[in-house]
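Participant: If you're matching them up, the sequences are chains A and B in order. Quick note on the numbering used here: the first sequence kicks off at 1 and runs consecutively. Quick note on the numbering used here: the second sequence kicks off at 1001 and runs consecutively. By construction, the Cβ of each residue, glycine as well, lies at the ideal position given by its N, Cα and C atoms. In this text, all values refer to a predicted model and were calculated from it rather than measured experimentally. Mind looking over this structure? Questions follow.
Protein chains: 2
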Amino acid sequence: MISEIGATDEAARPLRADAARNRALILETAAEVFAEHGLDAGYDEIARRAGIGVGTVYRRFPERSELVRALFETRVEEIVAIAEEAESNEDAWAGLAYFLEKALERQVVDRGLKEVMASTIQDGEHLSIGRERLGPIIEGMVARAQAAGAMRSDVESTDLGVQLMLMSSISTPAQPDLWRRYLALFLDGLRARPDLSPLPLLAPADEAMHALMCNLRGREI
Amino acid sequence: MISEIGATDEAARPLRADAARNRALILETAAEVFAEHGLDAGYDEIARRAGIGVGTVYRRFPERSELVRALFETRVEEIVAIAEEAESNEDAWAGLAYFLEKALERQVVDRGLKEVMASTIQDGEHLSIGRERLGPIIEGMVARAQAAGAMRSDVESTDLGVQLMLMSSISTPAQPDLWRRYLALFLDGLRARPDLSPLPLLAPADEAMHALMCNLRGREI
DNA sequence: AGTGAAACGGAACTGACTTTCCACTTCCAA
DNA sequence: TTGGAAGTGGAAAGTCAGTTCCGTTTCACT
């Protein structure tokens, strides 16, 4: 309740001009670094690229999770928004395909986002956003696509989650879009067909899916 | 060309009895440790579990790659043998499914093996085994399965390699066999169908597939 | 302009791992 | 049985990334 300049978001005391400038610089640089190296990237790499001291980064974001939250909250929201947009498509199958494509477009090029999406539940106290909201939306679309006879009836929404995370690693410098090939293949396998035998085993439960996602990129919690 | 006891494999000078005993113990223990933690597991963990000193492990296997080779050469051969067995199946589609299943059964429970299979080319000078021999066999089966009209004609053998590596990460403590579900789904997507649109993009080249596999589990080279 | 609080940079510290080294033990051949 | 080469265990040294600390600089307010 004090002044106007440099007050970035949560606390009440405004930052000094140089501090605010550096904070913005850190966010900008960290976005790049996390995209390349994931959420475990060293603060010193961020500092080096930003041309500031490590101490400055630590002072502004003593907890890594604060930095992660500041960077990825809106990115996760964006993906939720994509899901909501997809949901509004009358053709649920098309909606699902759209969601998978747009989500992958984002996750493939940003390793940090991929890791955040793989957590997005009780990650400390942060980012308990994504999956809780995404889950029900995907579930609804899956149910509608199955009811419409477009999607085989023995898949569940967690199956899509698992495959989404797997496909988000499929990219090489030579063929950055390679994931599109496997998305197409996956979607073909998802279609309802008269002659399919039912899938073996149960679809993973939500927590199982989460555990799996964490495994996929070494990250704990 | 000297004696008989304790001569383990390559060099000519035999090991002393206690050294030979420890070497066997190291191999036995390292197999476990690598299966759990992958090829980068610390020598100290191996030593601790074997109840010997770290120095002993370093003296016997100064280069990690020697240890890896000693442990995994036969395991890789085993997988090549599975491929050859699969190849002998008149029904190429069934052969491919058999190969994927048996290879996954082995890779899923052994993180070390998974990593070795992801390299198996110019890994130092070692283990230049697997893919060079596996590649042509899979290619042949794919071609035959396509000629027989069982498999869609727009997939290639490298597509199978990519998916094999991805699926080998799908396992949770609660559902260790979960990969079987996604293998079934993948195979369904692989079947020839009159109504499929062709897959987008080119299948990855051999080196692209290799680069991808390395990415998948942080391991370089 | 002057002053004190805030912020800065980067050297120093920390702790986890990896590797080497060496005083002591074990084996084996004479 | 004994001499000495081979082998052993684990402490010490070396690495390396992550974090803290503090002398110096910058800012904002008077």
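Going straight from the alpha carbon of Asp-195/A to that of Leu-134/A, what length do you get?
Facilitator: Counted from its first residue, the first sequence places residue 195/A at position 195. Counted from its first residue, the first sequence places residue 134/A at position 134. Approximately 31 Å, taken between the alpha carbons.
Participant: Can you list, in chain order, the residues of its chain whose CB lies under 7 Å from that of Ala-1103/B, leaving out five sequence neighbours each side?
Facilitator: If you number the second sequence from 1, residue 1103/B lands on position 103. Within the same chain, Ala-1103/B has close Cβ partners Ile-1079, Ile-1082, Leu-1164.
Participant: Should Asp-110/A go down as buried or exposed, given a rule of 16 or more other Cβ atoms within 10 Å for buried?
Facilitator: Locating residue 110/A in the first sequence gives position 110, where the first residue counts as 1. Under this definition Asp-110/A is a buried residue.
Participant: Just the C-alpha distance for Val-116/A and Phe-72/A, rounded to the nearest angstrom, thanks.
Facilitator: On the first sequence, position 116 is the one that residue 116/A refers to. On the first sequence, position 72 is the one that residue 72/A refers to. If I take the Cα positions, the gap works out to 8 Å.
Participant: Suppose you measure from the CA of Ser-1189/B to the CA of Leu-187/A; what does that come to, to the nearest Å?
Facilitator: Taking the second sequence and counting its residues from 1, the one referred to as residue 1189/B is at position 189. Taking the first sequence and counting its residues from 1, the one referred to as residue 187/A is at position 187. Position check: residue 1189/B holds Gly in this sequence, whereas Ser was assumed. One C-alpha to the other measures close to 8 Å.
Participant: Output the distance between the C-alpha atoms of Arg-23/A and Pro-62/A, rounded to the nearest integer angstrom.
Facilitator: Against the first sequence, residue 23/A aligns to sequence position 23. Against the first sequence, residue 62/A aligns to sequence position 62. Their Cα atoms are separated by approximately 12 Å.
Participant: Between the region 1164-1178 of chain B and the region 139-148 of chain A, can you find at least three pairs of beta-carbon atoms closer than 8 Å?
Facilitator: no
Participant: Could you tell me how far apart the beta carbons of Trp-93/A and Met-167/A are, in whole angstroms, since I believe they sit closer than 8 Å?
Facilitator: Start at 1 with the first residue of the first sequence, and residue 93/A comes out as number 93. Start at 1 with the first residue of the first sequence, and residue 167/A comes out as number 167. In fact, because the Cβ distance is near 18 Å, the residues do not count as touching under 8 Å.
Participant: Could you spell out where the alpha helix (DSSP H) holding Ile-1170/B opens and where it closes?
Facilitator: As a working note, residue 1170/B is residue 170 in the second sequence. Premise fails: Ile-1170/B is in no alpha helix (DSSP H) and is neither H nor E.
Participant: Starting from Glu-156/A, follow the alpha helix (DSSP H) in both directions and report where the run begins and ends.
Facilitator: The count along the first sequence starts at 1 and reaches residue 156/A at position 156. No alpha helix (DSSP H) holds Glu-156/A; DSSP gives it neither H nor E.
Participant: Quick one, which residues of the region 131-150 of chain A are near chain B if we go by CB-CB under 7 Å, in chain order?
Facilitator: none
Participant: To the nearest angstrom, how far is it from the Cα of Met-213/A to the Cα of Glu-1084/B?
Facilitator: For the purposes of this step, residue 213/A is taken as the residue at position 213 of the first sequence. For the purposes of this step, residue 1084/B is taken as the residue at position 84 of the second sequence. Going by the C-alpha atoms only, they are around 33 Å apart.
Participant: How many Å lie between Arg-1106/B and Leu-1113/B at the Cα?
Facilitator: In the second sequence, counting from the first residue as 1, residue 1106/B sits at position 106. In the second sequence, counting from the first residue as 1, residue 1113/B sits at position 113. Straight-line Cα distance between these residues: approximately 8 Å.
Participant: For the region 1156-1176 of chain B, which residues have a CB atom closer than 9 Å to at least one CB atom of chain A, in sequence order?
Facilitator: Asp-1159, Val-1162, Gln-1163, Leu-1166, Met-1167, Ser-1169, Ile-1170, Ser-1171, Thr-1172, Pro-1173, Ala-1174, Gln-1175
Participant: Would DSSP call Glu-1125/B helix, strand or coil?
Facilitator: Your numbering for residue 1125/B matches position 125 in the second sequence. Because Glu-1125/B sits at a pLDDT of 46, beneath the cut-off of 50, its placement in the model cannot be relied upon, and the point is left open.
Participant: From the beta carbon of Asp-1110/B, is the nearest beta carbon of chain A less than 9 Å away?
Facilitator: What you label residue 1110/B is simply residue 110 of the second sequence in a count that begins at 1. It does not; no Cβ of chain A falls within 9 Å.
Participant: With 9 Å set as the bound, which would you pick, yes or no: does the beta-carbon of Asp-1188/B sit closer than that to a beta-carbon of chain A?
Facilitator: Here residue 1188/B refers to the residue found at position 188 of the second sequence. So yes, Asp-1188/B belongs to the interface.
Participant: Are any of the Cβ atoms in chain B nearer than 9 Å to that of Ser-119/A?
Facilitator: For the purposes of this step, residue 119/A is identified with residue 119 of the first sequence, where counting begins at 1. With 9 Å as the cut-off, Ser-119/A does not count as an interface residue toward chain B.
Participant: Evaluate Arg-1013/B with the Cβ neighbour count: other Cβ atoms within 10 Å of its Cβ, from every protein chain shown; 16 or more gives buried, anything less gives exposed.
Facilitator: Against the second sequence, residue 1013/B aligns to sequence position 13. Exposed, by the Cβ-count rule.
Participant: Contact criterion: CB-CB distance below 9 Å. Does Asn-22/A meet it with respect to chain B?
Facilitator: Against the first sequence, residue 22/A aligns to sequence position 22. With 9 Å as the cut-off, Asn-22/A does not count as an interface residue toward chain B.
Participant: What are the start and end residues of the alpha helix (DSSP H) that includes Ile-1079/B?
Facilitator: Position 79 of the second sequence, counted from the start, is the residue given in the question as residue 1079/B. Note, Ile-1079/B: alpha helix (DSSP H), 1064-1087.
Participant: Roughly how many angstroms separate the alpha carbons of Arg-49/A and Thr-29/A, rounded to a whole number?
Facilitator: Counting from one through the first sequence, the residue named residue 49/A turns up at place 49. Counting from one through the first sequence, the residue named residue 29/A turns up at place 29. Between Arg-49/A and Thr-29/A, the C-alpha separation is close to 7 Å.
Participant: In terms of alpha-carbon separation, which member of Trp-1179/B, Leu-1027/B, Val-1108/B, Glu-1132/B lies closest to Pro-204/A?
Facilitator: In the first sequence, counting from the first residue as 1, residue 204/A sits at position 204. Checked all of Trp-1179/B, Leu-1027/B, Val-1108/B, Glu-1132/B; the closest Cα to Pro-204/A is Trp-1179/B.
Participant: Which two residues bound the contiguous alpha helix (DSSP H) that contains Gly-95/A?
Facilitator: The residue labelled residue 95/A in the question sits at position 95 within the first sequence. Per DSSP, Gly-95/A belongs to the alpha helix (DSSP H) from 92-108.
Participant: Check the Cβ-Cβ distances between Tyr-182/A and every residue of chain B, and say whether any is below 9 Å.
Facilitator: Taking the first residue of the first sequence as position 1, residue 182/A is located at position 182. Yes, its Cβ sits closer than 9 Å to a Cβ of chain B.
Participant: With DSSP run on the structure shown, which of helix, strand or coil describes Arg-1111/B?
Facilitator: Taking the first residue of the second sequence as 1, we reach residue 1111/B at position 111. In this structure, Arg-1111/B counts as helix in the three-state DSSP scheme.
Participant: Determine which residues share a DSSP beta bridge with Met-1151/B and list them.
Facilitator: Here the question's residue 1151/B lines up with position 151 in the second sequence. In DSSP, Met-1151/B forms a bridge with Arg-1191/B.
Participant: Work out the CA separation of Ala-86/A and Gln-1175/B for me, nearest whole Å.
Facilitator: On the second sequence, residue 1175/B is found 175 positions in, with the first residue counted as 1. On the first sequence, residue 86/A is found 86 positions in, with the first residue counted as 1. Going from the Cα of Gln-1175/B to the Cα of Ala-86/A covers about 31 Å.
Participant: Determine the chain B residues that contact Pro-200/A at a beta-carbon separation under 7 Å, and present them in chain order.
Facilitator: The count along the first sequence starts at 1 and reaches residue 200/A at position 200. Neighbours of Pro-200/A on chain B, chain order: Arg-1180, Arg-1181, Ala-1184.
Participant: With DSSP run on the structure shown, which of helix, strand or coil describes Ala-1208/B?
Facilitator: Position 208 of the second sequence holds residue 1208/B. Ala-1208/B falls in the helix class under three-state DSSP.
Participant: Under three-state DSSP, which class holds Phe-61/A?
Facilitator: Counted from its first residue, the first sequence places residue 61/A at position 61. Three-state DSSP puts Phe-61/A in coil, outside helix and strand.
Participant: Determine the chain A residues that contact Ala-1208/B at a beta-carbon separation under 8 Å, and present them in chain order.
Facilitator: Numbered from 1 along the second sequence, position 208 holds the residue referred to as residue 1208/B. Chain A residues near Ala-1208/B: Thr-172, Ala-174, Gln-175, Leu-178.
Participant: Quick check: the Cα distance between Arg-75/A and Ala-31/A, rounded to an integer number of angstroms?
Facilitator: For the purposes of this step, residue 75/A is taken as the residue at position 75 of the first sequence. For the purposes of this step, residue 31/A is taken as the residue at position 31 of the first sequence. Each residue's Cα considered, the two are about 11 Å apart.
Participant: Can a CB atom of chain B be found closer than 9 Å to the CB of Ser-65/A?
Facilitator: Looking up residue 65/A in the first sequence gives position 65. So no, Ser-65/A is outside the interface.
Participant: Is there a C-beta anywhere in chain B that falls below 9 Å from the one on Asp-123/A?
Facilitator: Reading the first sequence from its first residue, position 123 is the one you call residue 123/A. With a pLDDT of only 48 at Asp-123/A, under the threshold of 50, the placement of this residue in the model should not be trusted, and no figure is reported.
Participant: Helix, strand or coil: how does DSSP classify Ala-1143/B here?
Facilitator: Position 143 of the second sequence, counted from the start, is the residue given in the question as residue 1143/B. Helix, per DSSP.
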